[in-house]
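Counting in the UniProt record's numbering, the sequence shown runs from 1 upward without gaps.
Every residue, glycine too, gets a C-beta built ideally from N, C-alpha and C.
Notes follow the structure.
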Amino acid sequence: MFAALFRPVRRFLASRRATSATEFAFTAPFLLGGVVVMTDFGLAFGEQMNLDQAVRAGAEFVMSNVTDEATIEEFVTAAATGYSSDAPENVDNTQRPEVDVIKTCECPDATGVPCDQICMVNLRPPSTFYDITATKTYHAMFIPEFTLTAQIRVQAR
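Right under this line is the structure:
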């Protein structure tokens with residue numbers, strides 16, 4: 001009598017049908033989570049490359065004999081966001097990188113000399129360097145926010 005009652009239960013437990021569907025139901029959330037996290041990292045790497053490209057564009061701008069630091073900062077910001085300064089209201093403030101341009105001058109025998117001073121070693125003007133740094137916070141979907149940084153040092157003279 002008990003055997004007749006438990007026969008459907010034993011048959012259900014012995015059945016192998018829908019095993020793969022059950023396994024997929026258990027593994028699908030992990031697979032989808034992995035895809036979403038990898039997408040987040042891919043977008044972050046894309047933003048990092050965009051920031052690197054903008055800083056390199058600023059370096060090329062310096063090499064074309066532009067020496068005004070504010071103009072260089074504006075150019076790097078425009079290169080990073082894709083908008084020029086005539087329409088800054090079109091850019092979301094979270095998309096704007098913080099750009100710093102620092103001008104320094106160095107002689108062969110000393111660093112941090114005034115740019116209008118003549119070097120005593122070779123009686124020439126000092127070498128002029130521009131350090132361009134851009135930082136931006138990456139707002140991710142699932143991973144925590146983190147800061148992207150790109151920098152380059154350019155010798156203008």
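Nearest to A54 (by Cα), restricted to the options A44, I72, V66 and D68: As a working note, residue 54 is residue 54 in the sequence shown. The shortest Cα separation from A54 among A44, I72, V66 and D68 belongs to I72.
When V36, A156, F129 and A80 are compared against M141, the one with the closest alpha-carbon: The residue labelled residue 141 in the question sits at position 141 within the sequence shown. Ranking V36, A156, F129 and A80 by Cα distance to M141 puts V36 first.
Limits of the unbroken alpha helix (DSSP H) element including F2: Locating residue 2 in the sequence shown gives position 2, where the first residue counts as 1. F2 -> alpha helix (DSSP H) spans F2 to A14.
Nonlocal neighbours in the same chain, by C-beta distance under 7 Å from F61, ignoring five residues either side: The sequence position of residue 61 within the sequence shown is 61, counting from 1. Cβ neighbours of F61 within its own chain (closer than 7 Å, five residues either side excluded): I72 and F75.
Where the alpha helix (DSSP H) through I72 begins and ends: In the sequence shown, the residue the question calls residue 72 occupies position 72. In this chain, the alpha helix (DSSP H) harbouring I72 covers E69 to T81.
Exposure label - G58; buried when at least 16 CB within 10 Å: Stepping through the sequence shown from its first residue, residue 58 is reached at position 58. Flag for G58 reads buried.
Euclidean distance between Cα positions of Q151 and A134: Here residue 151 refers to the residue found at position 151 when the sequence shown is read from its first residue. Here residue 134 refers to the residue found at position 134 when the sequence shown is read from its first residue. Those two C-alpha atoms are separated by around 6 Å.
Identity of the residue in M38, D109 and D131 nearest I143 by Cα: Residue mapping note: residue 143 aligns to position 143 of the sequence shown, counting from 1. Checking every option, the nearest Cα to that of I143 belongs to M38.
Nonlocal neighbours in the same chain, by C-beta distance under 8 Å from A156, ignoring five residues either side: Mapped onto the sequence shown, residue 156 falls at position 156. Here the set comprises V62, M63, N65, T67, T128, F129 and Y130.
Inter-residue Cα distance where the pair is Q95 and D52: In the sequence shown, residue 95 corresponds to position 95, counting from 1. In the sequence shown, residue 52 corresponds to position 52, counting from 1. Their backbone Cα atoms lie some 15 Å apart in a straight line.
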